[in-house]
Amino acid sequence: NRQFRLKRRPVGRVTRDDFDLVEAPVPTPGPGQAVARNLYLSLDPTNRIWMSDMDQYLPPVALGEVMRGGGVGTIVASNNPDYQVGDTVNGLLGWQDYCLIGAPGELFPPTVIPQGLPIPMTALMGACGMTGLTAYFGLIELGQPKAGDTVVVSAAAGAVGTVVGQIAKIKGCRVVGIAGGKKKCDFLTRELGFDAAVDYKAADWREQLKAATPDGVDVNFENVGGEIMEAVVERMNLFSRMPLCGMISTYNDANPPRYDLTPFLMKRIKLQGFIVLDFKDRYIEGSMQLAQWLLEGKLKAQETVVDGLETAPETLNMLFDGGNIGKLIVKIADA
Ligand code: NDP
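Per full-length UniProt numbering, residue 2 is the first one in the sequence shown, and the count goes up by one each step.
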């Protein structure tokens, strides 16, 4: 049972040396416990936040602890009637080959996925899972998009962004994605049906943003922060909405920037930060809707899958380098 244990808190980018990769025994379940064989690991920008000891929405990962991470696995042993051998489970299974479910300190018990669900396992972490739900609740509940609105989303070619843009299209909005590089921008407009894409790595990106939002911006689904966020805020309309989902451009910074709130006052912009966990009582509703759109062909589940648990620390950095399109996943073992 290979396990990545957090050795020290990363400074700047994550490195392999921030972890000990140890070989532990495969756990045997005690009373009320179960064991999952981990098949896929979800890599998320928030992994970087959990490694730090900044104020955050869950306790940071303690030094020496197995790195926390979402994933999908199969139950291989169980002393708990809620988990049957052969069940597929989805939850915080960690950066390891096997997860002991019901261990002391567990934050949330993994969820059993109903059998025979006609969606791929990887979509349980992406389009119909945590990142899809983030897009769904953040956009619908906080963004309140109406047909004809202009919706801008940053990190648009990523796991959350691709779903935000596609839902906004389903809702009849004009959708503008901001992403790094021509390849990602072409993907957004040609494959996902976005109305326009802004390449923030091009010298003229501010002009591109202006041209793409002739009627201003009604909803800014913010994933990035920094200069990109400030430029979109400049384009926002009176009484527009800004779900603040993430600020990936500054997660590696020890001293993140401070922002000017004046435009929020002058333009009466409704800004709300949120964490997908805020909507946990409605996950089933959200997943069902996302799965239905997926099966109807209205939602594409884009994914980047990298082989091998041992690659996890380096693969995580793909999120900060823009190496992924859609949900970033590490494959640990065959189903
Ligand atoms: P993505 O799949 O979008 O991957 C991250 C992407 O961010 C990269 O592919 C890269 O794309 C872009 N990026 C990285 N660094 C920068 C930078 N400095 N400037 C601009 N773009 C950058 O990840 P997720 O979809 O999982 O997450 C997107 C955002 O949503 C993150 O901020 C994350 O923290 C947040 N989030 C929040 C949740 C919540 O509950 N509030 C839940 C899940 C995610 P590119 O090539 O375009 O640069």
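All C-beta atoms, glycine included, are put in the ideal place defined by N, C-alpha and C.
Have a look at the options and flag the residue whose alpha-carbon is nearest the alpha-carbon of residue i.
i    : options                   : result
E66  : W206, M52 and G31         : M52
D21  : D254, V27, P82 and P11    : P11
F280 : M126, E223, F138 and V36  : F138
G274 : W96, L42 and L143         : L143
L44  : M68, G178 and Y284        : M68
G72  : V306, L262, A157 and A255 : V306
N207 : K184, V233 and I168       : First, the residue type needs correcting, since residue 207 is Arg and not Asn in the sequence shown. Nearest of K184, V233 and I168 to R207, Cα basis: V233.
W96  : P82, Q4 and Y58           : Q4
V23  : Q290, R6, P244 and T316   : R6
L140 : C246, R9, N256 and T316   : C246
T123 : E235, L266, T190 and G92  : G92
In its own chain, which residues sit with a C-beta less than 8 Å from the C-beta of residue i, not counting the 5 before and 5 after it?
i    : result
S288 : C129, G130, G133 and L134
G227 : M248, S250, T251 and P258
P115 : none
V36  : V27, P28, T29, P30, I76, V77, A78, S79, Y99, C100, L101 and I102
Could you give the residue range of the beta strand (DSSP E) that holds residue i?
i    : result
T75  : G71 to S79
D21  : F20 to E24
K332 : K328 to K332
L210 : Careful: L210 lies outside any beta strand (DSSP E), inside the alpha helix (DSSP H) at W206 to A213.
M243 : M237 to L245
N221 : V218 to F222
Y260 : No beta strand (DSSP E) holds Y260; DSSP gives it neither H nor E.
S43  : A35 to S43
R14  : R14 -> no beta strand (DSSP E), and no H or E assigned at all.
L64  : Neither: L64 is in no beta strand (DSSP E) and is coded neither H nor E.
L7   : R3 to L7
Answer yes or no: the CB of residue i versus the heavy atoms of the ligand NDP, is any distance below 6 Å?
i    : result
G323 : yes
S250 : yes
N39  : no
P46  : yes
T305 : no
G159 : yes
V277 : yes
C246 : yes
T132 : yes
So, for residue i: in the same chain, excluding its five sequence neighbours on each side, which residues have a beta-carbon less than 6 Å away from its beta-carbon?
i    : result
V294 : The question names Val, but residue 294 is Trp in the sequence shown. L300, listed in sequence order.
R175 : T151 and D196
Sorted by chain position, which residues of the same chain lie with C-beta nearer than 7 Å to residue i's C-beta, five sequence neighbours on each side aside?
i    : result
E286 : none
Which two residues bound the contiguous alpha helix (DSSP H) that contains residue i?
i    : result
M319 : A313 to D322
P46  : P46 to M52
- Ranges of the beta strand (DSSP E) found wholly within the stretch 264-303, counting only runs of at least 3: 271-274
- Message: At 3 residues or longer, what runs of the beta strand (DSSP E) sit wholly inside the stretch 165-197?
- Response: 175-180
- Message: Quick check for students: name the residue ranges of the beta strand (DSSP E) that lie wholly in the stretch 68-154, counting only runs of 3 or more.
- Response: 71-79, 89-92 and 99-102
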